[in-house]
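So the sequence shown is numbered by the working numbering: it starts at 206 and just counts up by one. We put the CB at the ideal spot given by N, CA and C, even for glycine. Just so you know, these numbers come straight off a predicted model, no measurement behind them.
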Amino acid sequence: MTERLSDTPAGVARAVALLVAGELVAFGTETVYGLGADATNIKAVGRVFEAKGRPHFNPLICHYPDAAAAFADVEASDLARALATAFWPGPLTLVLRRRVTCKVALLAGAGLDTLAVRVTAHPTAQALLRAAGRAIAAPSANRSGQVSPTTAAHVLDGLDGRIAAVLDSGACRVGVESTVLDLSEARPFLLRPGGATREAIEAVVGPVGRGLTPAAAEVTRSLRSPGLLVSHYAPNLPVRLNACDVGRDEALLAFGAPLSGAGAIYQLSASRDLAEAASRLFEGLRSLDRENFRGIAAMAIPQAGLGAAINDRLERASAPR
Ligand code: TXA
Ligand code: MG
206 MTERLSDTPA
216 GVARAVALLV
226 AGELVAFGTE
236 TVYGLGADAT
246 NIKAVGRVFE
256 AKGRPHFNPL
266 ICHYPDAAAA
276 FADVEASDLA
286 RALATAFWPG
296 PLTLVLRRRV
306 TCKVALLAGA
316 GLDTLAVRVT
326 AHPTAQALLR
336 AAGRAIAAPS
346 ANRSGQVSPT
356 TAAHVLDGLD
366 GRIAAVLDSG
376 ACRVGVESTV
386 LDLSEARPFL
396 LRPGGATREA
406 IEAVVGPVGR
416 GLTPAAAEVT
426 RSLRSPGLLV
436 SHYAPNLPVR
446 LNACDVGRDE
456 ALLAFGAPLS
466 GAGAIYQLSA
476 SRDLAEAASR
486 LFEGLRSLDR
496 ENFRGIAAMA
506 IPQAGLGAAI
516 NDRLERASAP
526 R
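What follows is the structure in structure tokens.
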């Protein structure tokens, strides 16, 4: 049985005790719920991959209560410090080189010499991280390949019985994962669009590269089936993008005035507000994912700002499986 813990000092204390004992505890952040484990305990980290059904070559993000704690584990460049000042606590993850003294299990970083570090803005998560006093590895708290959870109920949909506890701190404010920025090479590279927009990051550090770093491109070329991990965030129903019309037998993910004729509608944002749409995206995909429809038709979303993260998740949800 998975314990459901409340957002109280006692709930946080119980979560910390379980984490320190090597158990898995899901907790809310401002982006999505994370599946937490003591990153310095290789057995606990192994359980994360097992519970999610996650391929072992996909590294996890380590979470810290503040920048000083994060930078004790990785080498912080001037650029990293400037970004930390501007965005932390918040939805930005930085990939940096591990320090030799870093105690995080190599398995958490999938054996890489870099580590992804993040300082979340969620007050309950911060209290938990401070009390734990060690890096907490936390990928999104969903089964691998499925839609990320933005409520404790979503977490239990996928992981009930597979994890020790979930700390229920309500719905996540941002609703899409953090932006992942690689600072381990000469030029910053955007690995995953997310809650911190490229426009805001570039205002601090200048132009960032997008797509794959040269090192990552090499790995992709060497994979027999590079499309393998493109499908992610996938509901059971097929997803059709940029819909201009919709059938009775389809469910509509609407943005602004909805197309008429759909069998069901989930409105991301009637006023076409991208922040509101991001916060409702995963809830919308889950609620429309019902057997009695042929598929989900998604209306077009502008690519600017948070639209980049929303479109990234929708493209993955619609990728061939
Ligand atoms: O908002 C978030 O980032 C959430 C919350 C819980 O913090 N976490 C999250 O973790 O989305 P996860 O594991 O689902 O996604 C981590 C992403 C993956 O795309 C992974 O490949 C990348 O970060 N990543 C982690 N470590 C990396 C590294 N050392 N180098 C390159 N990419 C890395
Ligand atoms: Mg994930």
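- The beta carbon of Arg219 sits closer than 8 angstroms to those of Glu208, Leu210, Ala370, all from its chain and outside the five residues before and after it, given in chain order.
- Separation of Leu519 and Ala467 (C-alpha to C-alpha, rounded to the nearest whole angstrom) is 19 angstroms.
- Cβ neighbours of Gly363 within its own chain (closer than 8 angstroms, five residues either side excluded): Ala346, Asn347, Arg348, Gln351, Pro354.
- Here Leu493 is near Ile501, since their CB atoms are less than 8 angstroms apart.
- Rounded to whole angstroms, Arg499 and Leu490 show a C-alpha spacing of 14 angstroms.
- For Arg323, the enclosing beta strand (DSSP E) covers residues 319-324.
- Relative to ligand 1, the nearest heavy atom lies less than 7 angstroms away from the CB of Ser345.
- Using a 10 angstroms sphere on the CB of Val444, the tally of other CB atoms reaches 16 or more, which defines it as buried.
- In the three-state scheme derived from DSSP, where H, G and I count as helix and E and B as strand, Ala502 is classed as strand.
- Taking the Cβ of Val225 as the reference point, every heavy atom of ligand 1 lies at 7 angstroms or farther away.
- Annotated three-state conformation of Ile266 is strand, per DSSP.
- When C-alpha distances from Val322 are compared across Ala483, Ala513, Ala337, Asp387, the shortest belongs to Asp387.
- Taking the C-beta atoms as reference points, Pro294 is found no nearer than 8 angstroms to Ala401.
- Within the DSSP secondary-structure output, Arg302 pairs in a beta bridge with Thr319.
- The region 447-462 makes contact with the region 470-489, as at least three CB pairs between them are under 8 angstroms.
- Among the bridge pairs identified by DSSP, Arg477 is matched with none.
- Within the same chain, Gly227, Ala310 come within 8 angstroms of Asn246 by CB-CB distance, once the 5 residues on both sides are set aside.
- Residue state for Ala226 is assigned as coil, using DSSP reduced to three classes.
- By a beta-carbon distance limit of 8 angstroms, Val279 does not contact Leu333. Their separation comes to about 21 angstroms.
- Taking the CA atoms as reference points, Arg495 sits about 45 angstroms from Ala287.
- Remark: the shortest separation between the CB of Ser383 and any heavy atom of ligand 2 does not fall under 7 angstroms.
- In the DSSP assignment, Arg445 is bridged to Ala502.
- Residue range 512-523 is occupied by the alpha helix (DSSP H) that includes Ser523.
- Around Val217, the same chain offers Ala332, Leu333 as residues with beta carbons nearer than 6 angstroms, after the five sequence neighbours per side are excluded.
- Here Ala514 has Val381, Pro398, Gly399 as same chain residues with Cβ atoms under 6 angstroms from its own Cβ, once five neighbours each way along the sequence are excluded.
- Ser389 has its Cβ no nearer than 7 angstroms to any heavy atom of ligand 2.
- Comparing alpha-carbon positions, the option among Arg415, Arg302, Ser465, Glu255 lying closest to Asp450 turns out to be Ser465.
- Short of 6 angstroms from the beta carbon of Leu396, and not among the five residues preceding or following it, lie these beta carbons of its own chain, in chain order: Val385, Asp387.
- Nearest to Phe460 by C-alpha distance, out of Ala326, Gly452, Ser476, is Ser476.
- Leaving aside the five residues that flank Thr234 on each side, the residues in its chain whose CB is nearer than 6 angstroms to its CB run, in chain order, Thr325, His327, Ala330.
- Apart from the 5 residues on each side of it in sequence, Ala313 sits with its Cβ closer than 6 angstroms to the Cβ of Ala244, Val250, Leu265, Ala342 in its chain, given in chain order.
- Contact annotation: Asp318 and Arg302 have beta-carbon atoms nearer than 8 angstroms.
- Going by beta carbons, Pro270 and Arg335 fall inside the 8 angstroms limit.
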